[in-house]
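Q: Residue numbers (full-length UniProt numbering): 1 to 562.
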Amino acid sequence: MEQLLERPWASHYPTEIPQKIDYGNKAIHHYLLETAKNHPEKKALYFYGTEMTYKELLRQVKKLANYLQDLGVEKGDRVAIMLANCPQGVISYYAALMAGGIVVQVNPMYTEREMQYQLKDSGSKFLICLDLFYPKAVKVKSNTEVEQIIVTGIKDYLPFPKNLLYPFVQRKKTNMIVKVKESECVHLFKNAIKKGRDTLIEHDFEPAEDIALLQYTGGTTGFPKGVMLTHKNIIANSIMCRYWLYKCREGEESLLAVLPFFHVFGLTTVMNLSVLIGAKMIILPKFDPEEVMETIQKQRSTIFPGTPTMYIALLNHPNLKKYDLSSIESCVSGSAPLPVEVQEKFERETDGKVVEGFGLTEASPVTHANLVWGNRVKGSVGIPWPDTDSYVLSAEKQGPADIGEIGEIVVRGPQVMKGYWNRPEETAATFMDGDWLLTGDLGYMDENGYFYIVDRKKDMIIAGGFNIYPREIEEVLYEHPAIQEAVAVGVPDEYRGETVKVYIVLKEGTQLTEEELEAFCRENLAAYKVPRLYEFRKELPKTAVGKILRRTLAEEAKQKTS
Numbered sequence: 001m002e003q004l005l006e007r008p009w010a011s012h013y014p015t016e017i018p019q020k021i022d023y024g025n026k027a028i029h030h031y032l033l034e035t036a037k038n039h040p041e042k043k044a045l046y047f048y049g050t051e052m053t054y055k056e057l058l059r060q061v062k063k064l065a066n067y068l069q070d071l072g073v074e075k076g077d078r079v080a081i082m083l084a085n086c087p088q089g090v091i092s093y094y095a096a097l098m099a100g101g102i103v104v105q106v107n108p109m110y111t112e113r114e115m116q117y118q119l120k121d122s123g124s125k126f127l128i129c130l131d132l133f134y135p136k137a138v139k140v141k142s143n144t145e146v147e148q149i150i151v152t153g154i155k156d157y158l159p160f161p162k163n164l165l166y167p168f169v170q171r172k173k174t175n176m177i178v179k180v181k182e183s184e185c186v187h188l189f190k191n192a193i194k195k196g197r198d199t200l201i202e203h204d205f206e207p208a209e210d211i212a213l214l215q216y217t218g219g220t221t222g223f224p225k226g227v228m229l230t231h232k233n234i235i236a237n238s239i240m241c242r243y244w245l246y247k248c249r250e251g252e253e254s255l256l257a258v259l260p261f262f263h264v265f266g267l268t269t270v271m272n273l274s275v276l277i278g279a280k281m282i283i284l285p286k287f288d289p290e291e292v293m294e295t296i297q298k299q300r301s302t303i304f305p306g307t308p309t310m311y312i313a314l315l316n317h318p319n320l321k322k323y324d325l326s327s328i329e330s331c332v333s334g335s336a337p338l339p340v341e342v343q344e345k346f347e348r349e350t351d352g353k354v355v356e357g358f359g360l361t362e363a364s365p366v367t368h369a370n371l372v373w374g375n376r377v378k379g380s381v382g383i384p385w386p387d388t389d390s391y392v393l394s395a396e397k398q399g400p401a402d403i404g405e406i407g408e409i410v411v412r413g414p415q416v417m418k419g420y421w422n423r424p425e426e427t428a429a430t431f432m433d434g435d436w437l438l439t440g441d442l443g444y445m446d447e448n449g450y451f452y453i454v455d456r457k458k459d460m461i462i463a464g465g466f467n468i469y470p471r472e473i474e475e476v477l478y479e480h481p482a483i484q485e486a487v488a489v490g491v492p493d494e495y496r497g498e499t500v501k502v503y504i505v506l507k508e509g510t511q512l513t514e515e516e517l518e519a520f521c522r523e524n525l526a527a528y529k530v531p532r533l534y535e536f537r538k539e540l541p542k543t544a545v546g547k548i549l550r551r552t553l554a555e556e557a558k559q560k561t562s
């Protein structure tokens, strides 16, 4: 294969971006140590008025790491983190790694069922969560290996008087206030920081072999899988990102941290990148268009990694013209296709550059992107990043496709995963010729080495930047006593990119309304997975052997919405 790989994209690299990079041999948390040493008084975090320097961030990370070790965390133990974006999320991530643990990011929007599956599959013994999610944790704990829980609240890192007022705001929004009592297996985050010491058990790391993160992704043929990302995988992708944004000034940037940390896209392009370049993370727990615009204006954010739906929401907001977004210099868009008109309009509003990238969880996640300052091709996801090889696999030739021929995109590079957690057969099926990762995405490459995505080989649905897997939805639907057959497909949506539609066949003699079905789904699925469209039918199209023709229904749905 090496002799067939011509790498036509190499000629487009500006002199500032190397094609080969020396990634060193360090664990992820060593970059925090270096940044705290080089920029101790630089602001690392900003959270609703609370600011924290890199020196203070490192101090708290060390204390929590020590506390985790005192609780029993040993090298290789899984430490689950179930937090919205907040300072505790940054502290917990680096502390878990420094203590020798493997981080397991848990989506805070998960239902008890989804949370339990991930905790059990990963074998997590330790959980750090928000107080709002503590009741869920208590309910599922006995069905998992979780032994110790550390609980924190958003108010813990709010300045006075916001910290006093927040419980009232929380009660108004959620109609609940959670009070947590400490015990032998339940601990308060703020007390852990107070009690923790600066002394740590130092572990030796093999960055290329030691797993840093189990990032769960789904599949169309089964339950979510834990993607094993090593220290080197994540470091490599973060350093690649740093070179791609070569105009960023070390210690001077202000990075908007609204992409969720529990998603690998946010973890790499926000948290790890920020620490790598000594940037200030302007942290927001959730995406609210007006709050984002107000924050950009007040904090003069310079880098804004996001998803197309975020940029679309800002552009369509009635108060857009009231805010000054001109501080934005660069944006990396991912998780879903970026419409050309959105890119062009956002650049007019901010004077910054917006580029579309491509990747997948199994690659930490970025593999391709358009140049931020250089030749950008509309409609393309760009060219491979440094040290990243890619080609299009022809289904007919079972080798590299011709220029312009559609096939499956395959990649290899130092950011590509070690494999799936406890799933050797699925790992083997995802790799070809040893180190080539089959992405499952269909596309083509032009004569200049720019790649284009035309479809997904898998049936994954991407709505609002979130990956949704039909099988997960169908598993829930089939639990309803009135449902005989069910299938979920993605249909075009102007705002979310795609949305979920389900087709239902009821059992004879039963009745079920759309409202009842939606309530059932909301009880058993995270909010972003809940179908937006429902269609009841007497029968579904099938193959001769009885397999439901999902693709036929998806095409039919697309025609109805076009």
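Ideal placement from N, C-alpha and C gives every residue a C-beta, glycine not left out.
(1) For the beta strand (DSSP E) containing THR309, list its first residue and its last residue.
(2) For GLU291, which residues in the same chain have their Cβ closer than 7 Å to its Cβ, ignoring the five residues on either side in sequence?
(3) At the level of alpha carbons, what is the spacing between PHE47 and TYR216?
(4) Taking Cβ positions, are VAL502 and ALA557 nearer each other than 7 Å?
(5) Tell me where the alpha helix (DSSP H) around TYR521 begins and ends.
(6) In angstroms, rounded to a whole number, what distance separates the CA positions of ARG78 and PRO384?
(7) With ASP156 and LYS62 assumed to form a contact (beta carbons below 8 Å), what rounded beta-carbon distance in angstroms separates them?
(8) According to DSSP, is ASN382 part of a helix, a strand, or is it coil?
(9) Would you report the Cα separation of TYR94 and ASP441, rounded to the nearest angstrom?
(10) Residues in its own chain within less than 7 Å of THR561 by CB, not counting five upstream and five downstream?
(11) Among residues of its own chain, excluding the 5 on either side of ILE461, which ones have a beta-carbon nearer than 7 Å to its beta-carbon?
(12) The alpha helix (DSSP H) that contains ILE461, what's its start and end?
(13) How is the alpha helix (DSSP H) around residue 563 delimited, first residue to last?
(14) Spatial neighbours of LYS42 within its chain, please: C-beta separation below 6 Å, excluding the five flanking residues on both sides.
(15) Which residue marks the beginning of the alpha helix (DSSP H) containing SER390, and which one marks its end?
(16) Ignore the nearest five residues each way along the sequence and tell me which others in GLU182's own chain have a CB closer than 8 Å to its CB.
(17) Can you list, in chain order, the residues of its chain whose CB lies under 7 Å from that of ILE193, leaving out five sequence neighbours each side?
(18) Pairing CB atoms from the stretch 261-277 with CB atoms from the stretch 237-246, are three or more of them under 8 Å?
(19) Whole angstroms is fine: what's the gap from HIS317's alpha carbon to MET310's?
(20) In chain order, what residues of the same chain have a beta carbon less than 6 Å from the beta carbon of SER92, not counting five sequence neighbours either side?
(21) By Cβ distance below 8 Å, which residues in the same chain neighbour ALA544 in space, the five residues on each side in sequence not counted?
(22) Note down the Cα distance separating MET281 from ARG300, rounded to an integer number of angstroms.
(23) How is the alpha helix (DSSP H) around ALA557 delimited, first residue to last?
(24) Quick one: is LYS125 buried, meaning 16 or more other Cβ sit within 10 Å of its Cβ, or exposed?
(25) Could you work out which residue in ASN319, LYS120, VAL392, VAL377 is closest to VAL340 when comparing CA atoms only?
(26) Where LYS232 and HIS29 are concerned, what is the direct C-alpha to C-alpha distance, given to the nearest angstrom?
(27) Starting from the Cα of ALA99, find the closest Cα among ARG522, ILE201, GLU16 and give me that residue.
(28) Going along the chain, which unbroken runs of the alpha helix (DSSP H) with 4 or more residues stay wholly within the stretch 262-330?
(29) Expressed to the nearest angstrom, what Euclidean distance is found between the alpha-carbon atoms of ALA463 and GLU112?
(30) In chain order, what residues of the same chain lie with their CB nearer than 7 Å to the CB of GLY123, ignoring the 5 residues before and after it?
(31) Classify GLU472 as buried or exposed, calling it buried when 16 or more other Cβ atoms lie within 10 Å of its own Cβ.
(32) Ordered along the chain, which non-local residues of its own chain (more than five positions away) have a Cβ less than 8 Å from that of ALA257?
(33) Helix or strand or just coil, what does DSSP make of LEU64?
(34) In whole angstroms, what separates the C-alpha of GLU356 from that of GLU147?
(35) What is the DSSP secondary structure of TYR444, counted as helix, strand or coil?
(36) In three-state DSSP terms, what is residue 563?
A: This is what the structure gives:
(1) Where THR309 is concerned, there is no enclosing beta strand (DSSP E), although the alpha helix (DSSP H) it sits in stretches over 308-315.
(2) For GLU291, the CB contacts under 7 Å within the same chain, skipping 5 residues up- and downstream, are LEU284 in chain order.
(3) PHE47 and TYR216: Cα-Cα distance of roughly 27 Å.
(4) Taking the C-beta atoms as reference points, ALA557 is found no nearer than 7 Å to VAL502.
(5) The question names Tyr, but residue 521 is Cys in the sequence shown. Element bounds for CYS521: 514-524.
(6) Approximately 32 Å, taken between the alpha carbons.
(7) With 8 Å as the limit, ASP156 and LYS62 do not qualify as a contact, their Cβ atoms being about 18 Å apart.
(8) A small fix is needed here, since residue 382 is Gly in this sequence, not Asn. Note: GLY382 maps to strand in three-state DSSP.
(9) Rounded to the nearest angstrom, the two C-alpha atoms are 32 Å apart.
(10) By the criterion of a C-beta distance shorter than 7 Å, THR561 is surrounded in its chain by VAL491, PRO492, once the five residues flanking it on both sides are discounted.
(11) Hits under 7 Å: ILE468, PRO470, GLY490, GLU498, VAL500.
(12) Counting along the chain, no alpha helix (DSSP H) covers ILE461; the unbroken beta strand (DSSP E) around it starts and ends at 461-463.
(13) In the structure displayed, the chain extends from 1 to 562; residue 563 sits before or after that span and is not available.
(14) Result list for LYS42: TYR54, GLY251, GLY278, in chain order.
(15) Segment 389-393 is the beta strand (DSSP E) holding SER390; no alpha helix (DSSP H) there.
(16) Excluding its 5 nearest sequence neighbours in each direction, GLU182 has C-beta neighbours in its own chain below 8 Å: LEU188, ASN191, listed in chain order.
(17) Around ILE193: GLN60, LYS63, LEU64.
(18) Between the stretch 261-277 and the stretch 237-246 there are three or more C-beta pairs closer than 8 Å, enough to call the two in contact.
(19) When the Cα atoms are used, HIS317 and MET310 turn out to be separated by approximately 11 Å.
(20) Cβ neighbours of SER92 beyond the five flanking positions: ILE81, ILE128.
(21) For ALA544, the predicted model reports a pLDDT of 44, less than 50, meaning its position is unreliable and no value from the coordinates is stated.
(22) Each residue's Cα considered, the two are about 12 Å apart.
(23) Per DSSP, the continuous alpha helix (DSSP H) segment holding ALA557 begins and ends at 550-561.
(24) By the 10 Å Cβ count, LYS125 comes out buried.
(25) Of all alpha-carbon atoms in ASN319, LYS120, VAL392, VAL377, the one lying nearest the alpha-carbon of VAL340 is that of VAL377.
(26) Those two C-alpha atoms are separated by around 12 Å.
(27) That would be ILE201, whose Cα lies nearest to the Cα of ALA99.
(28) Qualifying alpha helix (DSSP H) stretches, in chain order: 273-277, 289-299, 308-315.
(29) Between ALA463 and GLU112, the C-alpha separation is close to 22 Å.
(30) Taken in chain order, the residues that qualify are ARG78, GLU145.
(31) GLU472 is buried by the Cβ-count criterion.
(32) Correct list, in chain order: ASN85, GLY266, VAL270, MET271, SER274, MET281, ILE282, ILE283, LEU284.
(33) If DSSP states are grouped into helix, strand and coil, LEU64 belongs with the helices.
(34) For GLU356 and GLU147, the distance between alpha carbons rounds to 42 Å.
(35) Three-state result, TYR444: strand.
(36) Outside the shown range of the chain, which is 1 to 562, sits residue 563, and nothing can be said about it.
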